[in-house]
Amino acid sequence: MKKCFIYAPESINAVMRIGQYICADTDLGFFAVNYVSFEASYFGWINGTMSGYPIDNGVYAAYSGNGIGSDNSAYSLGAWFCDEADAFVSADMLFYPAPQATLYPNGNHDLSNKRAIAGGMSVDEITPSFLLKDEQTGEYTIYVLSRQMDEQGEYDADWNWIVTAPAVPSSIKAAYTVPAEGKALLDKAVAVDFACLESIIYVATEDGVYTINFAGVSPIVNTVAQFKTSGETITGMQLYQQGMYLTERNQIYNPEYPDQGGWEQVDWNNRAIIVTAQKGDEGVVYVVPMIQFGTGNLDASSAVRYDGFGRILAVSTTVY
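Residue numbers for the sequence shown follow the numbering used here, so the first one is 797 and each next one is one higher.
In C-alpha cells:
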C-alpha cells in the first residue's frame, strides 16, 4: 500500500472512497487523490482541511457516489469521529475541487472521552451513523447524523427562485444510549457493523450474531442469536456490499433512474452479512441473508458456507 504514496507514511489509519476521491488517513496527514484523474496513480499531496481531524480508531462512514438522485442533489460525503476535536467531521466534495472537511456542531451532546467503535452509512443508505463508547463510564451511544444539503428549488417563468426544499445543515439529529443488555454484548463483541438500509446494528460475538434496532424511541436489543456457526468460533463479521457499490455507487443500476444504466445489483448487496470463523487452523466464511427486512432478522437456514481456508485475516467482495 505504501508504494501508492510519493512520500510514504509510516502508518495508514484508514482508506475511504468519497465521490471521485480516494482518501487515506496517515501519520503524515490526510492524502486525497482523484481516481478519475490521468495522474491518479499515486497519493501525492496532503489535504489541509482533512488533516486537522484524524479518524478515530479507523472508523468512518462513506458514500462512494457522486451525489444522490438523478440530479446529484446531495453532497457526497465521508464522516468520522475525531477524538482530538471531540466532534464528528464531515467531508464534502460535490462543489469543490477536493474534499473539504468541516466539524459537525455538537449541539447539546458532550463528545469528550468518547472512542469510535463502529460506523457506516445506515438507515436509508445516506445517513452517517456511529457507535461510540465512553471511556470513563463504559456506556455505548448510537449517534445518527444529518447530511448537509443545499437549498433546492427552481426558477419560474419570470426567473424568480422558488424554494422546493430548504437547506439541511449538518447536525447530530439523534443519540440513543444502548441499554445494559446491549452493553453486555458489545463488551465481548469481535465485530460490529451497521446495516445500510435499516436502523440496525449487527453485533458478532464468538458464539453468535445479535442485533440492536434503533428505529424507535430507544434501542431494542435482541439477545437471541440471529445466527450461529456449525461449531466454529466467530472471528469477524461485516455487511455484505458489492464491490462496485463500494467503489462507485453511481455505477450500480437504480430502477428509480433507469436511463442512467449501470451494473446489475446482486441480491446480497446490503441484504446479507459476511461472517468469518475458525476451528483450529481451518477457516470458514458464511454469507447469511437478511429476512423480514427492517427487523434485522437473518435467515440462518439459507446461510451459504465456504470452507477450505486457513486463518482468515480479511474478506473483500469482488468489484462487479
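Glycine included, every Cβ here is placed at the ideal spot set by N, Cα and C.
Computed from a predicted structure; not experimentally measured.
According to DSSP, simplified to helix, strand and coil, what is residue i?
| i | result |
| --- | --- |
| Asp920 | coil |
| Phe834 | The pLDDT assigned to Phe834 is 48, lower than 50, so where the model puts this residue is not dependable; a value taken from the coordinates is nonetheless given after this. Here Phe834 sits in coil by DSSP. |
| Cys992 | coil |
| Asn1046 | helix |
| Pro805 | coil |
| Asp946 | coil |
| Glu977 | helix |
| Pro1085 | strand |
| Lys1024 | coil |
| Lys799 | helix |
| Ser860 | coil |
| Asn1018 | strand |
| Gly1106 | coil |
| Asp888 | strand |
| Tyr998 | strand |
| Asp1003 | coil |
| Ala1096 | helix |
| Asp1055 | helix |
| Gly903 | coil |
| Asp952 | coil |
| Tyr1041 | helix |
| Asp741 | Residue 741 lies beyond the stretch modelled for the chain, which goes from 797 to 1116, so this question has no answer here. |
Under the assumption that residue i contacts residue j (Cβ atoms under 8 Å), give the Cβ distance between them as a whole number of angstroms.
| i | j | result |
| --- | --- | --- |
| Ala828 | Tyr817 | 5 Å |
| Val855 | Gly934 | With 8 Å as the limit, Val855 and Gly934 do not qualify as a contact, their Cβ atoms being about 18 Å apart. |
| Met945 | Gly874 | Not quite, the Cβ-Cβ distance comes to about 16 Å (not below 8 Å), so this is no contact. |
| Val940 | Ala970 | 4 Å |
| Leu885 | Leu899 | Sequence inspection shows Val at residue 885; the Leu mentioned does not correspond to that position. Going by Cβ atoms, the distance from Val885 to Leu899 rounds to 6 Å, so yes, they are a contact pair. |
| Val988 | Glu1028 | That belief does not hold up - the Cβ atoms of Val988 and Glu1028 are roughly 19 Å apart, past 8 Å. |
| Ile1069 | Met1033 | 6 Å |
| Asp1077 | Gly1106 | 6 Å |
| Ile802 | Gly825 | Contact flag wrong, Cβ pair sits at about 13 Å. |
| Ala881 | Tyr849 | 6 Å |
Counting C-beta neighbours from all protein chains within 10 Å, is the total for residue i 16 or more, i.e. buried, or is it exposed?
| i | result |
| --- | --- |
| Leu1109 | exposed |
| Trp876 | buried |
| Gln1088 | exposed |
| Ile938 | buried |
| Ala1117 | Past the boundaries of the shown model lies residue 1117; the chain is included only from 797 to 1116, so the question cannot be answered. |
| Gln1038 | buried |
| Phe834 | Reliability of the predicted coordinates at Phe834 is poor, the pLDDT of 48 falling under 50, and no value is obtained from them. |
| Val1017 | buried |
| Lys910 | buried |
| Phe926 | buried |
| Glu1044 | buried |
| Trp1064 | buried |
| Ala963 | exposed |
| Thr1001 | buried |
| Gly903 | exposed |
| Pro1015 | buried |
| Gln1074 | buried |
| Lys799 | exposed |
| Met998 | The sequence as given places Tyr at residue 998; Met does not occur at that position. Label assigned to Tyr998: buried. |
| Thr1019 | exposed |
| Ser995 | buried |
| Asp852 | buried |
| Gly978 | buried |
| Ser807 | exposed |
| Lys929 | buried |
| Asp1103 | exposed |
Original post:
Does the stretch 1021 to 1031 touch the stretch 943 to 958, meaning 3 or more C-beta pairs lie closer than 8 Å?
Top reply: no
Original post:
Is the number of C-beta pairs between the stretch 1096 to 1109 and the stretch 1040 to 1059 that are closer than 8 Å three or more?
Top reply: no
**OP:** Spell out a yes or no on whether the stretch 969 to 985 and the stretch 1003 to 1020 are touching, meaning 3 or more CB-CB pairs, one atom from each, closer than 8 Å.
**Re:** yes
**OP:** List in chain order: all unbroken alpha helix (DSSP H) runs of 4+ residues lying wholly within the stretch 811 to 857.
**Re:** 844 to 847
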